[in-house]
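Numbering (UniProt numbering), first residue to last: 1 to 311. Even glycine gets a Cβ: it sits at the ideal position worked out from N, Cα and C. Every value quoted in this text rests on a predicted model; they were computed, and no experiment measured them.
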Amino acid sequence: MSENILEINDLKVHYPIKGGFFNTVKDHVKAVDGVSLSIPVGTTYGLVGESGSGKTTTGKAVMGLNHVTEGSILYEGKSLNEKDKKVKVQKDIQMIFQDPYSSLNVRKRVFDIVSEPIRNYHKRTKAELIEEVLDLLDRVGLPPGSLYKYPHEFSGGQRQRIGVARAIALNPKLIIADEPVSALDVSVQAQVLNFLQEIQQEMNLTMMFIAHDLGVVRHMCQHIGIMYHGRIVEEGTAEDIFRNPQHLYTKRLIAAIPDTDVDKVESNLELRRQIKEEYDQNFGDFLDDEGRAFPLQSISDTHKVALPVKG
Ligand SMILES: Nc1ncnc2c1ncn2[C@@H]1O[C@H](COP(=O)(O)OP(=O)(O)OP(=O)(O)O)[C@@H](O)[C@H]1O
């Protein structure tokens, strides 16, 4: 069995809500409220759920970009919690952002954007930097002529490639890809997904792939965690999730994947209608008094589900 590069144990990230004359903390948004997951080296873990379920907050916690309220994050067995910041792993973990239109600095040329992380960590001559950036552009399928262009001179898919070139510039081991294709046209999405998979295999990267659409992660991920309202409601291999979904929310997400097989559209319509009805009528039983998922229970070695507590 391969070892885990990342282990998250009972992670809680609660954002304070401040208000009043003295701007005191009035309440908290429990964005992530008890998430545990682990990712074996060289695999892709899909974290899927609707908007606001806490996916980005989980990814940012791994990047050290927000305050961890409780729980632990272990990278190669070493704690990433703020108080243990002495562990310098920033180079090893990089993020690809959702929106290639806003995540790149529009006033900088590709050379400056892609070489920035290298300049932050290494001493290089200009000539060495140019050579490194040209090599990175080649790896992400962009022509050498891109070097001195600005982001607005590229299409959405190409901009995402610039973002990837920057993310892999320091030879990271773990990539957090936060909805890397949701801002792109459907026609370019598959291209960028294939390309990400190629890069991942070529560099033996481990990836946390954040998405709101289960269809997108289906062929990308070995493991999938379904997130709802700050907690994971079902987790397993991609096969467990698609062949044997147990949680009503997972069933609903699967039913929402558009059919590509025209012959099946008609028969699936009825199935979808049934799942929606079951979801609308019974989903409340799958949540506790706070509207959150119950604790996960193992139903096989590779499959965990937050089923309602009976009695
Ligand atoms: N800095 C913040 N301060 C306060 N609340 C926040 C902050 N960032 C996120 N939230 C809240 O935390 C919850 C989870 O947000 P998060 O962005 O992690 O969800 P998400 O699943 O990634 O959604 P999306 O797909 O829309 O990005 C939401 O209710 C959001 O409004």
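Residue i Cβ short of 6 Å to ligand 1 heavy atom set
i: Lys12; result: no
i: Tyr15; result: yes
i: Thr57; result: yes
i: Gly71; result: no
i: Ala183; result: no
i: Ser103; result: no
i: Ala165; result: no
i: Gly54; result: yes
i: Ser115; result: no
i: Val29; result: yes
i: Ser146; result: no
i: Ser300; result: no
i: Ser79; result: no
i: Ser51; result: yes
First and last residue of the uninterrupted alpha helix (DSSP H) at residue i
i: Glu50; result: Looking at the DSSP string, Glu50 is not in any alpha helix (DSSP H), and its letter there is neither H nor E.
i: Phe195; result: Val186 to Met203
i: Phe242; result: Ala238 to Arg243
i: Leu80; result: No alpha helix (DSSP H) contains Leu80, which DSSP labels as neither H nor E.
i: Ser155; result: That residue, Ser155, is in no alpha helix (DSSP H); it is neither H nor E in DSSP.
i: Pro144; result: Element bounds for Pro144: n/a, residue is neither H nor E.
i: Leu134; result: Lys126 to Arg139
i: Ser115; result: Val110 to Tyr121
Between the CA atoms of residue j and residue i - distance to the nearest angstrom
i: Arg292; j: Tyr228; result: 8 Å
i: Leu129; j: Asp27; result: 48 Å
i: Ala211; j: Gln200; result: 17 Å
i: Ser298; j: Val305; result: 6 Å
i: Lys18; j: Thr57; result: 19 Å
i: Pro308; j: Glu239; result: 23 Å
i: Val48; j: Ile241; result: 11 Å
i: Lys108; j: Glu76; result: 34 Å
i: Thr302; j: Glu234; result: 11 Å
i: Gly71; j: Asn105; result: 34 Å
i: Ile254; j: Glu131; result: 45 Å
i: Lys43; j: Gly20; result: Correcting the residue identity first, residue 43 is Thr in this sequence and not Lys. Roughly 47 Å between the two C-alpha positions.
i: Ser300; j: Gln158; result: 42 Å
i: Tyr279; j: Arg252; result: 7 Å
i: Leu37; j: Phe294; result: 16 Å
i: Arg272; j: Gln189; result: 25 Å
i: Lys276; j: Gly46; result: 23 Å
i: residue 333; j: Ile93; result: One cannot answer for residue 333 here, as it falls past the ends of the chain, which runs 1 to 311.
i: Gln274; j: Asp213; result: 20 Å
i: Met1; j: Ile39; result: Low local confidence applies: a pLDDT of 49 at Met1 is under 50, so the model's placement there is unreliable, with the coordinate-based value given in what follows. Rounded to whole angstroms, Met1 to Ile39 spans 12 Å at the Cα level.
i: Pro172; j: Leu269; result: 44 Å
i: Ile257; j: Thr250; result: 11 Å
i: Gly141; j: Asp289; result: 51 Å
i: Lys86; j: Gln281; result: Residue confidence for Lys86 is low, a pLDDT of 45 falling below 50, so the modelled location carries little weight and cannot support an answer.
i: Arg161; j: Phe195; result: 9 Å
Beta carbon of residue i nearer than 7 Å to that of residue j
i: Ile176; j: Met95; result: yes
i: Leu147; j: Val192; result: no
i: residue 345; j: Leu11; result: Within the shown structure, residues of the chain are numbered from 1 to 311, placing residue 345 beyond reach of any answer.
i: Gly215; j: Leu184; result: no
i: Val89; j: Gly54; result: no
i: Ile8; j: Ile73; result: yes
i: Thr69; j: Val29; result: no
i: Leu248; j: Phe209; result: no
i: Pro144; j: Leu134; result: yes
i: Gly64; j: Arg231; result: no
Beta strand (DSSP E) segment containing residue i, residue limits
i: Gln297; result: Gln297 to Ser300
i: Gly215; result: It is not in any beta strand (DSSP E) - Gly215 instead sits in the alpha helix (DSSP H) that spans Leu214 to Val217.
i: Asn9; result: Asn4 to Gly19
i: Gly71; result: Glu70 to Tyr75
i: Leu174; result: Leu174 to Asp178
i: Ile257; result: Looking at the DSSP string, Ile257 is not in any beta strand (DSSP E), and its letter there is neither H nor E.
i: Ala211; result: Thr206 to Ala211
i: His28; result: Thr24 to Pro40
i: Gln246; result: Taken as a continuous stretch (DSSP letters only), Gln246 belongs to no beta strand (DSSP E), as it is neither H nor E.
Residue i beta carbon near ligand 2 (any heavy atom closer than 6 Å)
i: His152; result: Because ligand 2 does not appear in the structure shown, any question about it cannot be addressed here, the ligands present being ligand 1.
If you pair each beta-carbon of the stretch 210-225 with each one of the stretch 15-33, do three or more pairs fall below 8 Å? no
Looking at C-beta atoms only, is the number of pairs between the stretch 201-209 and the stretch 239-258 that lie closer than 8 Å three or more? no
Tell me, please, whether the stretch 110-126 touches the stretch 159-166 by the rule of three or more beta-carbon pairs shorter than 8 Å. yes
So, do the stretch 178-191 and the stretch 123-137 have three or more beta carbon pairs nearer to each other than 8 Å? no
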